[in-house]
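Right, one structure below, let's go through it.
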Amino acid sequence: MTKKRSSGDASGRERKVGLYRQIGILFISSLILLVTSFWLVTLLVDRSVHRYAERQSLAWAEYAGKHMTRIEDLARGAKPTDADLSEIADIERLGDVFRFKLFDPNGTLRFASEDPLGTAENEDLRTHKPEALAVVETLRPLTAFSDGTEKPNRPDLYSETYLPVVKNGKVVAIVEVYLDQTAMRSETQKEYSLFGAGILVLALLSFAGPLMATVNVLRRLRRANRLLEIERTRAVASSKAKSEFISTVSHELRTPLTTIKGPLELLQIGQIVQLNEAAQELVNMAVKNANILLSLVNDILDFQKIGSGKMKMALKPEDLVQVATEAIDTFRWYATNRGVEFAFEGSREPVLLDIDAKRITQVIGNLLSNAAKFSPPGATVTISVSDANGAARVTVRDHGCGISEQNRELVFEKFSQGDSSDTRSVGGTGLGLAIAKEVVEMHGGRIGFDSTLGEGSTFYFDLPVRLRDRDAGPSLLKTAA
């Protein structure tokens, strides 16, 4: 009974926590909506006020330019008459204009409503507001808005509009009118605030339902993610156990294989006893298959090292040409078994690089054996070392079946071969080229191929030269001293 109660209490606490979490999400979402709505309302208010103010200011500036009878004389510096002052007073009264100025075409102040006697005549637009002079050249009015909260005798928000007065195709004056926009902004802000509040309420009502559904979906996703994490952990553990098993078995296979291979090779060359023809053929076959099996085991071990990040490169200066020619001798047995020839072509001048000779020999061996697999009996597989745009290139060329378009992307994938239909007939694990790619890239190089179906393939890999060789001259192929 106690256990059931404890279980029920725990379940209740979980439901409360979930409910509080949903309320928190709803609160944060509402806050975001509120802030966004406030920002949008402010933006809309400013735009609306500015548009209205521009139209209103421009209308009264145009009115002044058209209806003031002596505006041209005033712009030339004439003293205002009572009639002029009456016209300006009407404009200020009817248009809520709290300040009126008149400039000549050069931007010099000629009249200001707060200074009708002209004591401020030295004011100049060039220093007061240089951008306003552009209205003379463009014949386009300019409206600017200012905050007057910290200025004496200014409303909280007001607009200044500059309008060129044109008569007979010539600018004769520049009219400036100041309008109070404070009340307009307040009214507009009130209208948009009510509108924004309504939108916010509707948004919250429409958002609450989907929010709750989203929370439920997220809860199910979290549960699914926990299950996936458990399965992933199991898969990682299984993969690790499998890798360790493969590594252990491969090591256990390689030791007796090496022990078997040594005596067989001694028998093959006749150092232990002279064999008759039938026995010699059996020994040759045994050596051949021991080499193949040992090569497969080594490939599996190397790929396991690459996957676990344990393969390291021991770089030191080596002659790439010598490494290539020695690789031909090392893997000549494979060519013999396949009935093909390995041949080096091109210059044999030494090419000094910082490489791991053992691993580069392995790469060359994988390319040679791959070429031999897919070459017809009696064919010749060639290898060369050349300069390739800032790198030393090793090229292996065969005249085999080539690689089809649909298989090109799979060439360097593990457990894949150039033509999967030939996998059983040519043998191999499909790891050789994948290992070669990893080793070359660990040297800072790249590997690739060109192939024509029915004519053969050319595999190559490029290795960067040593820095001191690169600085010694334009050629990448350096002759050893």
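The working numbering puts the sequence shown at residues 30 to 510.
Glycine residues also receive a C-beta, built at the ideal position from the N, C-alpha and C atoms.
Note that this is a predicted model, so its numbers are computed, not measured.
Where PHE127 is concerned, the enclosing beta strand (DSSP E) starts and stops at 126 to 132. DSSP places ALA141 inside the beta strand (DSSP E), whose first and last residues are 138 to 141. The residue among VAL200, LYS199, SER175 and ASN313 with its C-alpha nearest the C-alpha of SER188 is SER175.
Under the DSSP assignment, GLY368 falls outside any beta strand (DSSP E); it carries neither an H nor an E label. In terms of Cα proximity to LEU381, the closest of GLU347, PRO292 and ARG84 is GLU347. By the C-beta density criterion, GLN85 is buried, having at least 16 other C-beta atoms within 10 angstroms.
At the C-beta level, TRP362 and ASN320 come within 8 Å of one another. Listed in chain order, the non-local C-beta contacts of LEU396 below 6 Å within the same chain comprise VAL425 and PHE488, local neighbours out to five positions each way being set aside.
In the DSSP annotation of this structure, the continuous segment of the beta strand (DSSP E) that includes SER175 starts and ends at 171 to 176.
By the Cβ neighbour-count rule, SER115 is exposed, with fewer than 16 other Cβ atoms within 10 Å of its own. Each of ALA253, THR277 and PHE132 was checked against the Cα of VAL201, and the nearest Cα belongs to PHE132. With a threshold of 16 other beta carbon atoms within 10 Å, VAL195 falls short and is exposed.
Of the candidates ASN366, PRO134, LYS334 and PHE373, the residue whose Cα lies closest to the Cα of GLY407 is ASN366. By the neighbour-count criterion, in which a residue is buried when 16 or more other Cβ atoms sit within 10 angstroms of its Cβ, LYS199 is exposed. Just measuring C-alpha positions, the residue of LYS341, ILE393, ILE57 and ARG169 sitting nearest ALA353 is ILE393. Proximity to ILE412 across LEU344, GLU355 and VAL316 peaks at GLU355, based on C-alpha coordinates.
Here the stretch 161 to 174 makes no contact with the stretch 103 to 120; the two share fewer than three CB pairs at distances below 8 Å. Sequence-distant Cβ neighbours of SER77 in its own chain, meaning closer than 7 Å and more than five residues away, are THR217. For the options ALA364, GLY461 and PHE140, the alpha carbon positioned closest to that of ALA401 is the one of ALA364. For ARG80, the closest of HIS428, ALA173 and SER324 by C-alpha to C-alpha distance is ALA173. Distances from the CA of ASP383 to each of GLY431, PRO493 and SER376 were compared; the closest alpha carbon is that of PRO493.
Apart from the 5 residues on each side of it in sequence, LYS317 sits with its Cβ closer than 8 Å to the Cβ of TRP362 and ASN366 in its chain, given in chain order. Counting of Cβ neighbours within 10 angstroms places THR190 among the buried residues, the total reaching 16 or more.
Pairing PHE490 with LEU323, the inter-Cα distance amounts to about 25 Å.
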